[in-house]
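Sequence order for the protein chains is A and B.
Those letters in the first sequence? Residues 114 to 224, per the working numbering, in order.
Those letters in the second sequence? Residues 223 to 334, per the working numbering, in order.
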Amino acid sequence: KQEVTQIPAALSVPEGENLVLNCSFTDSAIYNLQWFRQDPGKGLTSLLLIQSSQREQTSGRLNASLDKSSGRSTLYIAASQPGDSATYLCAPQGGSEKLVFGKGTKLTVNP
Amino acid sequence: KAGVTQTPRYLIKTRGQQVTLSCSPISGHRSVSWYQQTPGQGLQFLFEYFSETQRNKGNFPGRFSGRQFSNSRSEMNVSTLELGDSALYLCASSTDSYYEQYFGPGTRLTVT
């Protein structure tokens, strides 16, 4: 059964800082991995999708990497802004379990 | 393109009642999945429908059921509500199972 761990659980940084969010998963037999953000009380917004054959994906200030063999993914956020404050969730997808989510990293970017 | 829409956005029900939630996927998407989000358990997969057929099911009791219509709209039903069913119910749509998933805003269900 896939298990997903996200470290750290919470992170508070000053505006402008570059930061890395970590995600590890136990079953490397995945089709892809998706990163989402969730604002309080809202739905999930897709940030990046990395296919299992890819090593990384970039969108604006976001860069996500995937090392399937070691069961790890990282989300790099450059030049953080207060609007980046949210909970970030990673979700590998494989087999019949669909998206399996970690508990998320709650990010606060202070002006 | 319009995003995934879910109705209603908020619901308050009493223990023992039943409830139906609706999800309209992005136009052209044939896969609809449902997830339950609670503070304690996080996000958990309920089921997935593709072209009106249930393809996958998570580990939830039979009180949770769903269906998909020919226009890809989906409904989920929870019968005999329990206090523990209070949660944010999210649906996601995609062109097929292993493509990018797009989530709706969710339905907040409160059971009293």
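Note that the Cβ used here is the ideal one computed from N, Cα and C, for glycine as well.
Please read all numbers here as calculations on a predicted model, not as lab measurements.
Length-filtered (3 minimum) beta strand (DSSP E) runs lying within the region 147-200 of chain A: DSSP runs (the beta strand (DSSP E)) wholly in the region 147-200 of chain A: 157-164, 169-172, 175-180, 185-190.
Proximity of Ser141 (chain A) and Lys114 (chain A) at Cβ, strictly below 9 Å: Not closer than 9 Å, so no.
Assigned exposure category for Asn131 (chain A) - 16 Cβ within 10 Å defines buried: So Asn131 (chain A) counts as exposed.
Cα-Cα separation between Phe272 (chain B) and Arg252 (chain B), rounded to whole angstroms: In this structure, the straight-line span from the alpha carbon of Phe272 (chain B) to that of Arg252 (chain B) is close to 6 Å.
Outcome for Asn299 (chain B) when other beta-carbon atoms lying within 10 angstroms are tallied against a minimum of 16: The residue is exposed, with fewer than 16 neighbouring Cβ atoms inside 10 Å.
Proximal residues of chain B, C-beta to C-beta of Leu179 (chain A) below 7 Å: Going along chain B, no residue has its Cβ under 7 Å from Leu179 (chain A), so there is no contact; the nearest lies around 15 Å.
Proximal residues, the region 245-268 of chain B versus chain A, C-beta separation under 7 Å: Of all residues in the region 245-268 of chain B, Ser255, Gly264, Leu265, Phe267 have a Cβ within less than 7 Å of some Cβ in chain A.
C-alpha distance - Ile120 (chain A) paired with Trp148 (chain A), whole-angstrom precision: Each residue's Cα considered, the two are about 14 Å apart.
Pairwise C-alpha distance: Ala123 (chain A) and Ala199 (chain A): So the two alpha carbons sit approximately 10 Å from each other.
Residues that Lys155 (chain A) contacts on chain B, provided the C-beta gap is smaller than 8 Å: In chain order, Pro327, Gly328 make up the part of chain B whose C-beta sits under 8 Å from the C-beta of Lys155 (chain A).
Contiguous alpha helix (DSSP H) assignments of at least 4 residues, all confined to the region 261-291 of chain B: Scanning the region 261-291 of chain B from its first residue to its last, no whole alpha helix (DSSP H) run of 4-plus residues comes out.
Which residues DSSP lists as bridging Pro127 (chain A), in chain order: In DSSP, Pro127 (chain A) forms a bridge with A:Asn223.
Those residues which DSSP pairs with Gln258 (chain B) across a bridge: DSSP, once it has assigned bridges, lists B:Gln266, B:Tyr311 as partnering Gln258 (chain B).
Cβ-based neighbour list, Leu172 (chain A), same chain, cut-off 8 Å, excluding 5 preceding and 5 following: The question names Leu, yet the displayed sequence has Ser at residue 172 (chain A). Once the five neighbours on either side are set aside, the close Cβ partners of Ser172 (chain A) are Leu160, Leu161.
Below-9 Å beta-carbon distance, Gln228 (chain B) vs any chain A residue: Taking 9 Å as the threshold, the shortest C-beta distance from Gln228 (chain B) to chain A falls below it.
Leu305 (chain B) vs Gly328 (chain B) beta-carbon contact at 9 Å: Inclusion of Leu305 (chain B) and Gly328 (chain B) in the CB contact set at 9 Å is not warranted, their separation being larger than that value.
Status (buried if at least 16 other CB within 10 Å, exposed otherwise) for Arg285 (chain B): Classification of Arg285 (chain B): exposed, given that the 10 Å Cβ count is below 16.
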